[in-house]
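Q:
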Amino acid sequence: MASISSPTPNSVAPSGARAVFQIVGIACLAGFLIDMLVLALPPNVGNSTWRVGLLQQMADRSIVLLLGTAFTIFSLESRRWLRRISMLSLIVGVLFVLASLLVIRDSVTLQQQAVSNISTQASQAQTQIQNAQTNPPPNLKATPEQLQQISKQINTQADSLKQTAKTTVLKTSVSSIGNLIVIGLGLIGLGRYGMRVRKNKAAVG
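Here it is in structure tokens:
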């Protein structure tokens, strides 16, 4: 009885898999760079709002950069390109970690600005109410008790808006900082892995 022979392993599979990883990796890296270029235009580096917005978008898309780097490092055969990509991964990883510190500083600044704007608007409204109480205009229909109630409502709304602004900025900054640090450490790890693989290839060669 004739035996059924098992299929011969495809010797081209490893190189084919590397080619697929390389295509996906380069596509991820190119897509990330194009997104960041579009989001960064027009540049306004001196504006803290622009910086925080850009870094937030970068943090949200950073997983694409991490996957693209991992696929590219895995697919590379050339020791020269492996060293370049690995070094670049290390540098970008460090920059991501440092960028998280910038997000912290700018987030504190934006929080202070938001609270200050709310306080200024509330103060202006209170000044108008005080003027109306001291020198009521002829067409004023509100009583002094109603004006006092409005003043209390303004203070309550101002406090609520301040708390909301603080909470919003805090949530946004914590999410961005966490992503930047995690992806930054991941890129550093990939860079170190790539350099180690390069040394092993050099030793074998």
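Numbering (our numbering), first residue to last: 2 to 206.
Beta carbons are placed, not taken as given, at the ideal position from N, Cα and C, and that holds for glycine.
(1) Please name the residue, chosen from Trp82, Met59, Thr110, Gln154, that lies closest to Leu96 on a Cα-to-Cα basis.
(2) So for Arg19, helix, strand or coil by DSSP?
(3) With a CB to CB cut of under 8 Å and the five nearest residues on each side skipped, what residues in its chain are close to Val170?
(4) With respect to the alpha helix (DSSP H) encompassing Val53, which residues constitute its N-terminal and C-terminal limits?
(5) Tell me whether Asn201 sits in a helix, a strand or coil according to DSSP, three-state version.
(6) Indicate the three-state DSSP secondary structure (helix, strand or coil) for Leu181 in the structure shown.
(7) Leaving aside the five residues before and after Ile155 along the sequence, list all residues of the same chain whose C-beta is less than 7 Å from its C-beta, in chain order.
(8) At what residues does the alpha helix (DSSP H) containing Val109 begin and finish?
(9) Measure the alpha-carbon distance for Ile151 versus Gln158 and round it to whole angstroms.
(10) Might you give, ordered along the chain, the residues of its own chain that have their beta carbon closer than 7 Å to the beta carbon of Leu191, omitting 5 neighbours on each side?
(11) Does the stretch 166–183 come close enough to the stretch 38–49 that 3 or more CB-CB pairs lie under 8 Å?
(12) Going by C-alpha distance, which of Leu77, Thr135, Arg52, Pro137 is nearest Leu102?
(13) Report yes or no: do the stretch 22–31 and the stretch 76–83 share at least 3 C-beta pairs separated by less than 8 Å?
(14) Can you list, in chain order, the residues of its chain with a C-beta nearer than 8 Å to that of Ile182? Leave out the 5 residues immediately preceding and following it.
(15) Relative to the C-alpha of Asn180, which residue among Leu34, Asp61, Pro137, Arg19 is closest?
A: This is what the structure gives:
(1) Counted from its first residue, the sequence shown places residue 96 at position 95. Among Trp82, Met59, Thr110, Gln154, the Cα nearest to that of Leu96 is on Met59.
(2) In the sequence shown, residue 19 corresponds to position 18, counting from 1. Three-state DSSP puts Arg19 in a helix.
(3) Taking the first residue of the sequence shown as position 1, residue 170 is located at position 169. The residues are Ser108, Leu111, Gln112, Ala115.
(4) By one-based count along the sequence shown, residue 53 stands at place 52. Residues 49–76.
(5) Taking the first residue of the sequence shown as 1, we reach residue 201 at position 200. It is helical.
(6) For the purposes of this step, residue 181 is taken as the residue at position 180 of the sequence shown. Note: Leu181 maps to helix in three-state DSSP.
(7) Reading the sequence shown from its first residue, position 154 is the one you call residue 155. Only Ala123, Ala126, Gln127 meet the Cβ criterion.
(8) Position 108 of the sequence shown, counted from the start, is the residue given in the question as residue 109. Here the alpha helix (DSSP H) through Val109 covers 80–135.
(9) Position 150 of the sequence shown, counted from the start, is the residue given in the question as residue 151. Position 157 of the sequence shown, counted from the start, is the residue given in the question as residue 158. Spanning the two alpha carbons is a distance of roughly 10 Å.
(10) Here residue 191 is taken as the residue at index 190 of the sequence shown, counted from 1. Answer for Leu191: Thr70, Ala71, Ile74, Ser90, listed in chain order.
(11) Between the stretch 38–49 and the stretch 166–183 there are fewer than three inter-stretch CB-CB distances shorter than 8 Å, so the stretches are not counted as touching.
(12) Position 101 of the sequence shown, counted from the first residue, corresponds to residue 102. Nearest Cα to Leu102 within the set Leu77, Thr135, Arg52, Pro137: Arg52.
(13) Enough Cβ pairs lie closer than 8 Å, so yes.
(14) Mapped onto the sequence shown, residue 182 falls at position 181. Shown here for Ile182: same chain residues with a beta carbon closer than 8 Å to its own, the five before and five after excluded, namely Phe97, Val98, Ser101 in chain order.
(15) Within the sequence shown, numbered from 1, the residue matching residue 180 stands at position 179. Comparing Cα positions, the closest option is Asp61.
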